[in-house]
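Comments concern the structure below.
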Amino acid sequence: MADVHVQKSFATTGGVLYVVGTPIGHLDDFTRRAQSVLASVDLIAAEDTRVTRKLLQAYGIRTPLVSFHAHSGPGRLQALVERLVSGASVALVTDAGMPAISDPGEALVRAAIHAGIPVVPIPGPSAVIAALSVSGLPATPFLFVGFLPRRPAERRERLAALKPLPFTLVFYEAPHRLSATLRDLVDVFGPRSAVVAREMTKRHETFWRGKLPDLWALAEKEPPRGEITLVVEGAEAVDGRRAAPAGGAPAGEESPGEETPAGALRALLAAGFSGRDAARAVAERFGLSRRTVYRLLADLDRAGALIREDED
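Its first residue numbered 12, the sequence shown is counted upward by one per residue in our numbering.
Below, the structure written as structure tokens:
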């Protein structure tokens, strides 16, 4: 147990990093706990201080702000960690939703953990969960992909790797790229069911539900604006595939017409997921222990079957 670090969040003293969820649109979706934490910490690290300042002003919160975003240099990260180590309490917020989810705040969370700083979640709204909850598609299991590559060839390659996965897929997408992404989804996935969630919790909240070809046609006719979350049904729902039953074929053994843990691992790795994230998803999907899936991952590695994650 020497390699396990135990954090007891409510028994901490000294510096703490709070990961605070903020509204994705509607200001009333701001929890009392989040308000209290932001009002009491020494410093708030925000993706965009202009956006966060408007939220704080609406609730009368006057805590000092500092920016922390994708273009912040290593000096800003080091300075924030030094503040934490010195005993300061810092809240991390993004423009909307939970920080560190497809968000540059992830780097600060990792650095704080590495420095031995307690990291405490203050849960709040999430576009991923909000869209999934009203999609009508299976929510267990699902796979959050985040943003797809901007280059068409790379985007299609990523989609081809995701195609056989039996998970409901959730993507973020910029409105000006939605039509191109839907076109690629049609070409690669075919006529699957999907939901385009736009401007959730805001005045112009809109949901498009239908088959991918029809959603693409609508996006061409009525180019959307605002924040977009896209939910697409997985291969299992389309093709009727099921995992091998418990006590059936061994975890690493391929069987025609069956989705296997080994095949799912290969597909996730080809899609650019880390070994750890791929193992976690496969363990949940097939009801296997993490240890079993990690052994399978090691077997694939020894066989030279892993596809390494490309460097960006």
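Backbone N, C-alpha and C define an ideal beta-carbon position, used for all residues, glycine too.
Buried versus exposed call for residue i [16 or more other C-beta atoms within 10 Å across all chains shown]
i	result
residue 38	exposed
residue 94	buried
residue 18	exposed
residue 142	buried
residue 242	buried
residue 126	exposed
residue 328	Any property of residue 328 remains undetermined from this structure, which presents the chain solely from 12 to 323.
residue 287	exposed
residue 177	buried
residue 14	exposed
residue 158	exposed
residue 302	exposed
residue 129	buried
residue 253	Because residue 253 carries a pLDDT of 40, less than 50, the predicted location of this residue cannot be relied on, and the following value inherits that uncertainty. Under this definition residue 253 is an exposed residue.
residue 403	What the structure shows of the chain is the stretch from 12 to 323, and residue 403 is not part of that stretch, so it cannot be assessed.
residue 309	exposed
residue 238	buried
residue 110	buried
Backbone CA spacing between residue i and residue j [nearest angstrom]
i	j	result
residue 87	residue 198	43 Å
residue 77	residue 115	14 Å
residue 229	residue 201	16 Å
residue 58	residue 79	5 Å
residue 305	residue 290	6 Å
residue 226	residue 51	45 Å
residue 167	residue 193	11 Å
residue 258	residue 274	Caution applies to residue 258, whose pLDDT of 34 falls short of 50 and renders its modelled position unreliable; the model cannot decide the point.
residue 280	residue 74	42 Å
residue 149	residue 98	44 Å
residue 68	residue 187	31 Å
residue 222	residue 204	4 Å
residue 64	residue 55	10 Å
residue 298	residue 152	11 Å
residue 66	residue 232	34 Å
residue 119	residue 224	40 Å
residue 43	residue 103	16 Å
residue 234	residue 285	34 Å
residue 189	residue 207	9 Å
residue 300	residue 154	18 Å
residue 16	residue 220	44 Å
Proximity to residue i [Cα-Cα], best of the options
i	options	result
residue 161	300, 281, 170 and 204	170
residue 173	187, 66, 276 and 30	276
residue 20	124, 303 and 225	124
residue 46	54, 31, 110 and 279	31
residue 105	166, 70, 133 and 291	133
residue 81	89, 117 and 92	117
residue 40	56, 55 and 70	70
residue 311	300, 90 and 272	272
residue 212	54, 204, 108 and 89	108
residue 49	209, 60 and 29	29
residue 145	103, 299 and 209	209
residue 100	156, 26, 62 and 159	26
residue 165	120, 56, 154 and 191	191
residue 163	156, 155 and 196	196
residue 214	236, 224 and 300	236
residue 147	96, 218 and 103	218
residue 60	83, 42, 43 and 89	83
residue 53	62, 85, 33 and 96	96
residue 62	294, 33 and 90	33
Nearest-angstrom beta carbon gap, residue j and residue i [assumed within contact, 8 Å]
i	j	result
residue 35	residue 136	5 Å
residue 131	residue 112	Not confirmed; about 16 Å, so no contact.
residue 278	residue 175	5 Å
residue 283	residue 179	The pair is not a contact, with the Cβ atoms about 18 Å apart (cut-off 8 Å).
residue 122	residue 92	5 Å
Neighbour flag for residue i against chain D, beta carbons, 8 Å
i	result
residue 181	You won't find chain D in this structure, because it holds only one protein chain.
Suppose only complete runs of 4+ residues qualify. What are the alpha helix (DSSP H) ranges in the region 114-169, listed by chain order? 117-125 and 138-144
Let me know the beta strand (DSSP E) ranges lying completely inside the region 63-111, each 3 residues or longer, listed in chain order. 76-78 and 100-104
For the region 174-230, list the beta strand (DSSP E) runs that are entirely contained and at least 3 residues long, ordered along the chain. 179-184, 204-209 and 217-222
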